[in-house]
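Q:
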Amino acid sequence: AQYNGDSIHSNQCPESIGLGQVRWTYHQSAFADAKAVRSSAYNLDYTYAVWRACYEGQFDWLNTVDRGRTYTAGDAAGCQGLWFSGRWYTDAAVGYMSRVATIASERQWEQASFPPAAPIRIGGSTTPVTTTAPATTVAPTTVAPTTTVAPTTTAAPTTTAAPTTTAAPTTTAAPTTTAAPTTTVAPTPPVASSAAFVEDFSGNTGLDRFTTGVFHRDNFLVAQQSWTGDHDTTCGSPDSQRTIRRDRPDESFYMCRDHLMTSIGDTSGYSIGWFSPKQVFERGVHRTVSWDVNVTDLGNRQWWEVVLIADGEPFLTTVDWVASTAQIEAYHPETIAVGKGPFGNDGNIFSGGQSRDPLGWGHVCGSGAADPEGCASKAIRRSFSMTDNMNGTITFDFLGQKYTYPGQFPDKFQVFFKDHNYTPDKDGVPIGHTWHWDNIVVS
């Protein structure tokens, strides 16, 4: 069919990946090779899908977290704040809502220069012309909120509805079904103990001393249902590969050659794999946390992180400017964190409520690499540590250099080792999405 009677262009207009046009059910080919994921127009679709789901009342999980007990449908401004902060009417959300309202009120909005349409007289009466949009048939949408439970508290990560598109004026919208995100199994409650924790995975044992889990932000930005991890199933060299499957989260944690691997692929808009000792530690009794891990260059969108959280606080957290994208909470002020990102070749140390990059303008890998040998190797693992000096400062050993910053360990804390993945293959597909861990010590 010609468009608007255009005599030059014939046949149906080609479909494009744009705002209001991407529908997984009917446009699956648009998602092939992550084409849609790399489209800014698709990202707009996704943004509006989240706003709409919030406005329609699908985010009732907010009423299960500490700061979200007033969430109801129909609050457009509140949903703007949620998009920005990841939580309902927090200070950050309210500040963002205020800025949006100020910009809207100060802007000079154009007004139509033509008058309303004249009424049509039918049979001596005046009947206004009413334009009615075509009826839209929408199947009931069921959203099963994902609940991630920290060892002694409840902290639900965000459940995001699948992108929902707006029907064109002459069509009826296809029924939209929102898939329920993967549910992360609640960790085994840790045991408080004054004993030191030491695990070197000798004999490929020791994983049972940790709780493990995988968090996926969504179930529709899935570039990979499977990917490869370092060391094949016979535990060959780290350059040999094995298959890891999304629907088998246990496969993301495995041992070879007396150390532990984590491998989370490009399988959600944001994913985190984590493992944590089944023990609660105490400041003063436990003053040092140390570990060995590789610093292989896996691109800028995949990084590891080691976090100390106060016992009972949510553990699915990240640096503030990434938290809203991941739809999890930002670091709490008492959190202590050390990581290779974001993004994956930067350094990050969080203490005293502040993030710092110990490398400044340098990088772990890439331009101005601090460790080019480690970046080029899967087999080399570097030692890292953090020590509470018991005087309001913490000393961090990062790539062989010591940095002392304000801060202290929480009075009672847990330790989480995390594998962050923010659509990592957008930066080029690494051979083996794998971090190699060893010599975990809390003493």
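Residue numbers (my numbering): 164 to 606. The beta-carbon is built from N, C-alpha and C at its ideal position, and this holds for glycine as well. Since we're looking at a predicted model, the values are computed, not measured.
(1) Considering only the beta carbon of each residue, do Val501 and Phe580 sit closer than 7 Å?
(2) Which residue from Phe373, Asp254, Tyr218 and Gly249 puts its Cα closest to that of Gly237?
(3) Identify every run of the alpha helix (DSSP H) within the stretch 414-494, keeping only runs that are complete inside it and at least 4 residues long; order them along the chain.
(4) In chain order, what residues of the same chain lie with their CB nearer than 8 Å to the CB of Gln564, ignoring the 5 residues before and after it?
(5) Nearest to Gly399 by CA position, among Phe547, Ala542 and Gln577, is which residue?
(6) Between the C-alpha atoms of Thr368 and Met418, what's the straight-line distance to the nearest angstrom?
(7) Let's test the definition: count the other Cβ atoms within 10 Å of the Cβ of Pro593 and tell me whether it reaches 16, buried, or not, exposed.
(8) Do you know whose CA, among Lys441, Ser365 and Ile491, lies nearest Ser248's CA?
(9) In this structure, how does DSSP classify Ile543 when only helix, strand and coil are distinguished?
(10) Do you know offhand how far Phe576's Cα is from Val452's?
(11) Following the continuous alpha helix (DSSP H) through Gly504, name the residue where it begins and the one where it ends.
(12) What did DSSP end up calling Asn552 once you bin it into helix, strand or coil?
(13) Taking C-alpha atoms, which residue in Val361, Asn382, Phe383 and Gly366 lies nearest to Phe373?
(14) Using only the alpha-carbon positions, how far apart do Thr339 and Val213 sit?
(15) Of all the options Asp551, Tyr494, Val456 and Asn457, which has the alpha carbon lying nearest to the alpha carbon of Gly447?
(16) Between the alpha carbons of Met553 and Phe572, how many angstroms are there, rounded?
(17) Looking only at C-alpha atoms, which of Glu476, Phe547 and Ile557 sits nearest to Gly515?
(18) Determine whether the beta carbon atoms of Tyr234 and Gly244 lie at a separation below 7 Å.
(19) Under three-state DSSP, which class holds Glu497?
(20) What's the call for Ser439, buried or exposed, on a 16-neighbour Cβ count within 10 Å?
(21) Out of curiosity, what's the CA-to-CA distance linking Leu461 and Ala267?
(22) Please report the straight-line C-alpha distance between Gly570 and His596, rounded to a whole angstrom.
A: Let me lay it out:
(1) Walking along the sequence shown from the start, residue 501 turns up at place 338. Walking along the sequence shown from the start, residue 580 turns up at place 417. For Val501 and Phe580, no; Cβs fall outside 7 Å.
(2) Residue mapping note: residue 237 aligns to position 74 of the sequence shown, counting from 1. Here the closest residue by C-alpha is Tyr218.
(3) 483-489
(4) Position 401 of the sequence shown, counted from the first residue, corresponds to residue 564. Closer than 8 Å at the Cβ level, and outside the excluded window around Gln564, lie Pro521.
(5) What you label residue 399 is simply residue 236 of the sequence shown in a count that begins at 1. When only C-alpha atoms are compared, the closest one is Ala542.
(6) Along the sequence shown, one-based indexing puts residue 368 at 205. Along the sequence shown, one-based indexing puts residue 418 at 255. Cα-Cα distance, rounded: 8 Å.
(7) The residue given as residue 593 occupies position 430 in the sequence shown. Buried.
(8) Counting from 1 along the sequence shown, the entry for residue 248 is found at position 85. Distances from the alpha-carbon of Ser248 to those of Lys441, Ser365 and Ile491 put Ile491 closest.
(9) Indexing the sequence shown from 1 puts residue 543 at position 380. Residue state, collapsed to three classes: coil.
(10) To locate residue 576, count along the sequence shown from 1; it is residue 413. To locate residue 452, count along the sequence shown from 1; it is residue 289. Cα to Cα, the separation comes out at about 11 Å.
(11) In the sequence shown, counting from the first residue as 1, residue 504 sits at position 341. Looking at the DSSP string, Gly504 is not in any alpha helix (DSSP H), and its letter there is neither H nor E.
(12) The residue you call residue 552 lines up with position 389 of the sequence shown. DSSP places Asn552 in coil when its eight states are reduced to three.
(13) Locating residue 373 in the sequence shown gives position 210, counting from the first residue. Answer by Cα proximity: Val361.
(14) Along the sequence shown, one-based indexing puts residue 339 at 176. Along the sequence shown, one-based indexing puts residue 213 at 50. At Thr339, the pLDDT of 39 sits below 50, so the modelled position is not reliable; the number obtained from the coordinates is stated separately. Using only the alpha carbons, I get a separation of about 14 Å.
(15) As a working note, residue 447 is residue 284 in the sequence shown. The shortest C-alpha separation from Gly447 is found at Asp551.
(16) Locating residue 553 in the sequence shown gives position 390, where the first residue counts as 1. Locating residue 572 in the sequence shown gives position 409, where the first residue counts as 1. Answer to the nearest angstrom: the Cα atoms are 9 Å apart.
(17) If you number the sequence shown from 1, residue 515 lands on position 352. When C-alpha distances from Gly515 are compared across Glu476, Phe547 and Ile557, the shortest belongs to Ile557.
(18) On the sequence shown, position 71 is the one that residue 234 refers to. On the sequence shown, position 81 is the one that residue 244 refers to. Cβ atoms of Tyr234 and Gly244: not closer than 7 Å.
(19) Within the sequence shown, residue 497 is the residue found at index 334, counting from 1. It is coil, neither helix nor strand.
(20) Mapped onto the sequence shown, residue 439 falls at position 276. Buried, because 16 or more other Cβ atoms sit within 10 Å of the Cβ of Ser439.
(21) Within the sequence shown, numbered from 1, the residue matching residue 461 stands at position 298. Within the sequence shown, numbered from 1, the residue matching residue 267 stands at position 104. Taking the straight line from one Cα to the other gives about 42 Å.
(22) Looking up residue 570 in the sequence shown gives position 407. Looking up residue 596 in the sequence shown gives position 433. Each residue's alpha carbon lies about 32 Å from the other.
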